[in-house]
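Participant: Below is the structure I would like to discuss, written out as structure tokens.
Below is the structure:
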């Protein structure tokens with residue numbers, strides 16, 4: 037066992053003392069959170085060039101409302117800050133009135149489309165004569181928005197506001213109804229999302245707290261992504277084993293230490309690296325939440341479960357990667373055999389949304405008890421209120437432990453045979469035979 041610990045310590049020190057480890061600590065969060073960070077930093081860096089929109093109003097009664105709303109928007113809603121710090125962050129909408137004339141809407145649409153292609157307009161809107169009528173087929177909208185940039189839908193969403201507001205006013209006036217009275221009568225009543233009522237020490241009820249959907253979603257997803265990032269580091273075992281095999285270093289090592297102890301030492305060293313990485317990220321998350329004033333959302337009750345599932349996941353997938361590295365002779369073969377393992381590793385990402393939405397559903401329970409998916413999905417289910425019965429994470433630990441022991445046992449047999457094999461890489465059938473027969 038002493039030799040095993042020597043190998044584990046050597047691999048651990050070689051990993052954490054390298055510059056690649058420090059770079060990886062910084063790069064992994066950027067890879068997963070870079071998109072969100074980019075959106076936050078550059079949320080106000082929009083294209084603020086004027087966007088000219090032509091409006092063809094066959095009703096003759098809606099253009100003025102749209103034009104007035106655009107002027108109000110351009111004066112107040114497209115700026116951020118006050119005084120000298122005031123800055124334009126949104127483009128101005130310039131509304132142009134297009135005369136419908138005697139042509140039908142298709143000919144006018146063609147002419148305006150040509151103007152859009154020439155960059156004279158950004159978009160145009162055609163309001164059909166029946167836009168003021170109530171009823172009709174909702175699928176056949178009497179108002180059509182045309183543009184060359186279908187993904188830019190801000191104008192379409194904005195223009196629906198003043199148009200519908202004006203149409204509603206005119207319909208109410210036609211029905212001799214007071215718009216303010218109708219608005220108050222049809223005003224929506226909000227439904228609060230609260231937790232359960234608790235009792236204090238004296239048995240008196242404590243008012244339920246407002247549910248924080250952001251915290252209830254981001255905490256479990258954050259733990260799952262963190263575990264995924266850390267478990268991914270076990271893939272480096274394959275490269276390490278393959279490098280030692282190709283350079284004949286393995287032959288020297290195996291002459292002084294049994295194959296199983298060598299493999300176990302590498303696995304334990306990788307677990308130590310994974311726990312170090314996870315600890316750094318958890319500490320960083322704690323400090324960030326504390327600084328932001330949300331330290332109450334740090335999942336203290338999940339830390340030990342996270343450590344247990346993370347250790348078993350690294351052992352399970354690490355042993356598989358070691359078996360692959362010992363069975364192949366070059367990186368090309370390794371990559372082809374690694375693909376199904378990576379699919380297995382990312383499989384929890386396919387169902388995380390359903391698990392977060394309904395953590396106690398049958399689907400979530402079954403998926404979280406499949407050993408390769410258990411570490412990530414069980415920690416997600418435990419982090420979403422109200423949590424899960426204690427027997428479920430315990431069952432998950434037992435199942436993952438059993439699967440890990442099987443993987444380590446099979447990998448040790450493959451490792452013992454494959455490390456000394458040169459020339460041709462092993463097929464999957466050969467690896468299965470080695471794992472069964474030794």
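Numbering (this note's numbering), first residue to last: 37 to 474.
Built from N, CA and C at the ideal position, the CB exists for glycine as well.
Being a predicted model, the structure only gives us computed values, none of them experimental.
Does the distance from the CB of residue 179 to the CB of residue 163 come in under 8 angstroms?
Facilitator: Contact flag set, yes.
Participant: State the Cα-Cα distance for the pair residue 303 and residue 265, rounded to the nearest angstrom.
Facilitator: Rounded to whole angstroms, residue 303 to residue 265 spans 17 angstroms at the Cα level.
Participant: How many angstroms separate the CA atom of residue 271 from the CA atom of residue 353?
Facilitator: Computed Cα separation, rounded: 8 angstroms.
Participant: Considering just the uninterrupted stretch of the beta strand (DSSP E) at residue 183, what are its terminal residues?
Facilitator: It spans 179–183 - the beta strand (DSSP E) in which residue 183 sits, taken as one unbroken run.
Participant: Look at residue 335 and residue 255 and say whether their C-beta atoms are less than 8 angstroms apart.
Facilitator: Yes, the pair counts as a contact, with Cβ atoms nearer than the cut-off.
Participant: What residue range does the beta strand (DSSP E) around residue 326 cover?
Facilitator: Per DSSP, residue 326 belongs to no beta strand (DSSP E); it is in the alpha helix (DSSP H), 295–328.
Participant: So, is residue 432 buried or exposed, given that buried needs 16 or more other C-beta atoms within 10 angstroms?
Facilitator: Per the 10 Å Cβ criterion, buried.
Participant: Name the residue from 177, 166, 133 whose alpha carbon lies nearest to the alpha carbon of residue 159.
Facilitator: Residue 133 is the option with its Cα nearest to residue 159.
Participant: Take the Cβ of residue 142 as the centre, count every other Cβ of all protein chains shown within 10 Å, and call the residue buried at 16 or more, exposed below.
Facilitator: The residue in question, residue 142, is exposed, as its Cβ has fewer than 16 Cβ neighbours within 10 Å.
Participant: Could you tell me which whole alpha helix (DSSP H) segments of length 4 or greater appear in the segment 249–276?
Facilitator: With a minimum length of 4 residues, the continuous alpha helix (DSSP H) runs that stay inside the segment 249–276 are 249–268.
Participant: Could you spell out where the beta strand (DSSP E) holding residue 159 opens and where it closes?
Facilitator: Unbroken beta strand (DSSP E) run through residue 159: 159–163.
Participant: If we call anything under 8 angstroms between Cβ atoms a contact, is residue 403 one with residue 349?
Facilitator: Contact flag unset, no.
Participant: For residue 129 and residue 251, what's the separation of their Cα atoms in angstroms?
Facilitator: Straight-line Cα distance between these residues: approximately 37 angstroms.
Participant: Determine the direct distance from the alpha carbon of residue 313 to that of residue 145, and round the result to whole angstroms.
Facilitator: Between residue 145 and residue 313, the C-alpha separation is close to 59 angstroms.
Participant: Looking at the unbroken beta strand (DSSP E) that takes in residue 90, where does it start and where does it end?
Facilitator: Residue 90 -> beta strand (DSSP E) spans 87–93.
Participant: Are the Cβ atoms of residue 436 and residue 407 separated by less than 8 angstroms?
Facilitator: Against a cut-off of 8 angstroms, the Cβ pair of residue 407 and residue 436 comes out as a contact.
Participant: Give a yes or no on contact between the segment 96–110 and the segment 186–205, applying the rule of three or more CB pairs nearer than 8 angstroms.
Facilitator: Touching, yes.
Participant: Round the Cβ separation of residue 127 and residue 83 to the nearest angstrom and send it over; I've been treating them as touching at under 8 angstroms.
Facilitator: Yes, they are in contact, since the Cβ atoms of residue 127 and residue 83 sit about 6 angstroms apart, within 8 angstroms.
Participant: Could you compute how far the alpha carbon of residue 399 sits from the alpha carbon of residue 391?
Facilitator: Roughly 8 angstroms between the two C-alpha positions.
Participant: In three-state terms, what does DSSP make of residue 237?
Facilitator: Note: residue 237 maps to coil in three-state DSSP.
Participant: Considering only DSSP beta bridges, list what residue 433 is partnered with.
Facilitator: Answer by DSSP bridge pairing: none, since residue 433 is not bridged.
Participant: So residue 102 packs on residue 92, CB below 8 angstroms; how close in whole Å?
Facilitator: That belief does not hold up - the Cβ atoms of residue 102 and residue 92 are roughly 11 angstroms apart, past 8 angstroms.
Participant: At what residue ranges does the segment 337–386 contain a whole run of the beta strand (DSSP E), taking only runs of 3 or more?
Facilitator: For the segment 337–386, not a single whole beta strand (DSSP E) run of length 3 or above is found.
Participant: For the segment 400–452, list the alpha helix (DSSP H) runs that are entirely contained and at least 4 residues long, ordered along the chain.
Facilitator: You should have 410–419.
Participant: Give me the Cα-Cα distance between residue 229 and residue 243, rounded to the nearest whole angstrom.
Facilitator: Their backbone Cα atoms lie some 13 angstroms apart in a straight line.
Participant: With a Cβ-Cβ cutoff of 8 angstroms, do residue 454 and residue 462 count as a contact?
Facilitator: Yes, the pair counts as a contact, with Cβ atoms nearer than the cut-off.
Participant: Using three-state DSSP, classify residue 84 as helix, strand or coil.
Facilitator: Reduced to three states, the DSSP call for residue 84 is coil.
Participant: Check whether the Cβ atoms of residue 305 and residue 47 sit closer than 8 angstroms, and answer yes or no.
Facilitator: Yes, Cβ-Cβ distance for residue 305 and residue 47 is below 8 angstroms.
Participant: Put residue 230 into one of helix, strand or coil per three-state DSSP.
Facilitator: Residue state, collapsed to three classes: strand.
Participant: Looking at the secondary structure, which residues open and close the beta strand (DSSP E) in which residue 114 lies?
Facilitator: Per DSSP, residue 114 belongs to no beta strand (DSSP E) and is neither H nor E.
Participant: Any idea if residue 449 is buried or exposed, counting beta-carbon neighbours within 10 angstroms, 16 or more meaning buried?
Facilitator: Under this definition residue 449 is a buried residue.
Participant: With DSSP as the reference, identify every bridge partner of residue 155, one or two as the case may be.
Facilitator: Beta-bridge pairing links residue 155 to no other residue.
Participant: If we ignore side chains and look at the alpha-carbon of each, how far apart do residue 199 and residue 118 end up?
Facilitator: So the alpha carbons of these two residues sit roughly 30 angstroms apart.
Participant: Excluding the five sequence neighbours on either side, which residues of its own chain have a C-beta within less than 7 angstroms of the C-beta of residue 362, listed in chain order?
Facilitator: Closer than 7 angstroms at the Cβ level, and outside the excluded window around residue 362, lie 277, 281, 450, 451, 454, 455.
Participant: Since residue 273 contacts residue 357 with CB under 8 angstroms, what's their CB separation in whole angstroms?
Facilitator: Yes, they are in contact, since the Cβ atoms of residue 273 and residue 357 sit about 5 angstroms apart, within 8 angstroms.
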